[in-house]
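Position 224 of the sequence shown, counting from 1, maps to 211 under the numbering used here, and the rest follow consecutively. Glycine included, each C-beta is placed from N, C-alpha and C at the ideal position. Here the structure comes first, spelled out in structure tokens, and everything after it is commentary.
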Amino acid sequence: MTSALKALPNIRRAGWGHASPRHMSLWEHGLHLFRSAVGVVLPAPMMRRALALETNGGTRLVVGDRAFPVRRNLHLVGFGKAVLGMAAAAEEILGHHLIRGVVSVPHGIQACLQQAGMEAMLLKPHSRIQVIEGAKHNLPDREALRAASMIRELAEGLTADDLLLVLISDGFSALLPAAAPHTPLLRNEVSEVLCRARGREQSPAMAGARSRVSGAAVTCHLFCLQVLSLILSDVVGDPVDIIASGPTVYGSPRAQDCLQILTKYNLLSAVPASVQMVLSRSVSGPPAPADRSHVYNVVIGSRRQAEDLGYWTLILSAAVCGDVSRVAELYSQLIQFVCLGAAGPGGGALRGQVRGALLKLATELEIPGLKEALQGLGPERSVCLLAGGETTVQLQGSGKGGRNQQLALQVALELHRAKATEAGSFLGRCEVLFLSGGTDGQDGPTEAAGAFSSPELVEKASREGLDVEKFLSNNDSYTFFSKFQSGHHLLLTGLTGTNVMDLQVVLIRAR
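As structure tokens, this is what we get:
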């Protein structure tokens, strides 16, 4: 997904309020840029750009190049972290043409949005859409199962004359489970095995492996409904069969992928026989129907909407993926490369060495175009390095954290180690801030979206009696950042109502 950050051209010119950017700290810059990015990809404006009612010559619902006749025949279902805001905007646009709706959203999201002053993302008191909160701790539960059953019942009650609007965002399938016979929907050991597999294998298939997805996929083919899906993507490449486990895409190979991954890491025997049976049956399921024209999938917002975030910006990549330790090494090398540019002619030879190591690492992580991008990094400029993507974390401890906090802490450790090298000795010539955060406002099972870090973090933490390496080895990044400087380095935004990517921002300016 090489153009994944392409839809934020106005953020480069975003206003800074009453404060002058020159008098703001890097921490303030980073927070402003992150919030600006999230603001552009909120559900309501994206829905209004994607969805419109036209009344010339009869009422039609227009999405992209398609128009659907409407005559009070619209029904709505949805699930995902960003669906509540999408549903509120959809109901406002559709008005009395919307008959009924059901959405499955994360536990506690309405209260969180209310507390954050984001009432615009909440449904009106007399809404035709029923909201069911479930999947506490991001695991399928009875409330999520109840929501899935209601969504299926609504879809099964429709005819070919109806139009079903399906709203989809990231939800890791936990919000739309279907209890296959004898499968242990609520058994923690099943989730633990699948989490272990996903921690070892960067495969979106594992995100949906905890439950057999119901929803409109089977129903729309059985009853030939008109189905319009509006999808808010958080998946690299925006593949509609993977986003939120692709409930409106028939015939996905996810079950086969899951079986292969579990077998690869010798975890299949740890999964209950009932789950193995369901996965095997899914692999040998019925063929996809030939006519799928009645199902129309549209990606309305994605990682393509997060480019040009202020400063003079280097867009590193929209798809920085891979193990968090290798990605942290990449960022450390990039920061050293920029800081060496501020050293003048004396840093030229060292800069060439770092550049070579960078390009080798970029090849390993499959980041194209870095060689050309590095040519624009002049020492006379303050620099913003921008990237989107999704790292993976090897789960080896019992701590609390998320991939963004783990990455921020790992980058701090890499920069600390680099100071002992000749190239890294130039880090002190620049102010450096690294930020990594999820645009949904929630990084793992924590209240933080991510965290900030800097080359000085490890030394400062040591003076507080905090051992960064121990926290990293225990996957306990949230506990670390909560303790360090009283949580000042945590990125706390609250639930944002959207989710399109993880965003990394590196700000560097000469002292």
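Helix or strand or just coil, what does DSSP make of residue i?
i, result
"Gln491", "strand"
"Gly288", "Reliability fails at Gly288, whose pLDDT of 41 lies under 50, so the model's placement of it is uncertain and the value that follows must be treated cautiously. Three-state DSSP puts Gly288 in a strand."
"Arg22", "helix"
"Ile354", "coil"
"Glu106", "helix"
"Asn253", "coil"
"Gly428", "coil"
"His83", "helix"
"Leu126", "coil"
"His16", "helix"
"Gln397", "helix"
"Gln101", "helix"
"Ser412", "helix"
"Lys457", "helix"
"His94", "coil"
"Glu359", "helix"
"Gly386", "coil"
"Ala315", "helix"
"Glu451", "coil"
"Ala507", "Residue 507 cannot be examined here, being either before or after the span of the chain that is shown, -12 to 498."
"Ala260", "helix"
"Ala407", "coil"
Exposed or buried, what is residue i when buried is set at 16 or more other beta-carbons lying within 10 Å of its beta-carbon?
i, result
"Cys207", "Because the pLDDT of Cys207 is 42, which lies under 50, any placement of that residue in the model is unreliable, and the question is left without a value."
"Gly65", "buried"
"Glu401", "buried"
"Thr483", "buried"
"His113", "exposed"
"Asn253", "exposed"
"Arg36", "exposed"
"His19", "buried"
"Asn43", "exposed"
"Gln429", "buried"
"Arg498", "exposed"
"Asp157", "buried"
"Ala336", "exposed"
"Asp463", "buried"
What residue does the alpha helix (DSSP H) around residue i start on, and which one ends it?
i, result
"Pro30", "Pro30 to Ala37"
"Ala336", "Gly335 to Glu351"
"Ala122", "Taken as a continuous stretch (DSSP letters only), Ala122 belongs to no alpha helix (DSSP H), as it is neither H nor E."
"Leu48", "First-last for Leu48: Arg47 to Val50, but that is the beta strand (DSSP E), not the alpha helix (DSSP H)."
"Ser469", "Ser464 to Lys470"
"Arg129", "Arg129 to Glu143"
"Arg59", "Here Arg59 belongs to no alpha helix (DSSP H), and DSSP marks it neither H nor E."
Which partner residues does residue i have in the DSSP bridge list?
i, result
"Phe439", "Leu422"
"Val64", "Val89 and Val153"
"Pro112", "DSSP, once it has assigned bridges, lists no residue as partnering Pro112."
"Cys417", "Ala497"
"Asp310", "Thr379"
"Val325", "Paired residues: none, contrary to the question."
"Leu301", "Leu372"
"Leu40", "Leu48"
"Leu477", "Ala438"
Look at the Cβ atom of residue i, then the Cβ atom of residue j, and state whether they are nearer than 8 Å.
i, j, result
"Leu110", "Ala74", "yes"
"Leu357", "Leu345", "yes"
"Ala103", "Leu490", "no"
"Thr408", "Asp310", "no"
"Phe413", "Leu327", "yes"
"Leu352", "Val398", "no"
"Ala31", "Ala107", "yes"
"Ala395", "Leu301", "no"
"Asn391", "Ala448", "no"
"Leu478", "Ala410", "no"
"Arg115", "Glu79", "no"
"Leu348", "Glu377", "no"
"Leu152", "Leu29", "no"
"His403", "Pro442", "yes"
"Leu81", "Leu40", "yes"
"Val370", "Ile495", "yes"
"Thr480", "Gly386", "no"
"Ala405", "Ser304", "no"
"Leu162", "Val50", "no"
"His84", "Val118", "no"
"Asn60", "Leu141", "no"
"Thr485", "Thr426", "yes"
Which two residues bound the contiguous beta strand (DSSP E) that contains residue i?
i, result
"Glu377", "Val370 to Thr379"
"Ala54", "Arg53 to Pro56"
"Leu482", "Unbroken run through Leu482: none, as it is neither H nor E."
Using 7 Å as the cut-off, classify the Cβ of residue i as near or not near the heavy atoms of the ligand COA, replying yes or no.
i, result
"Lys457", "This structure does not include the ligand COA; it has no bound ligands of any sort."
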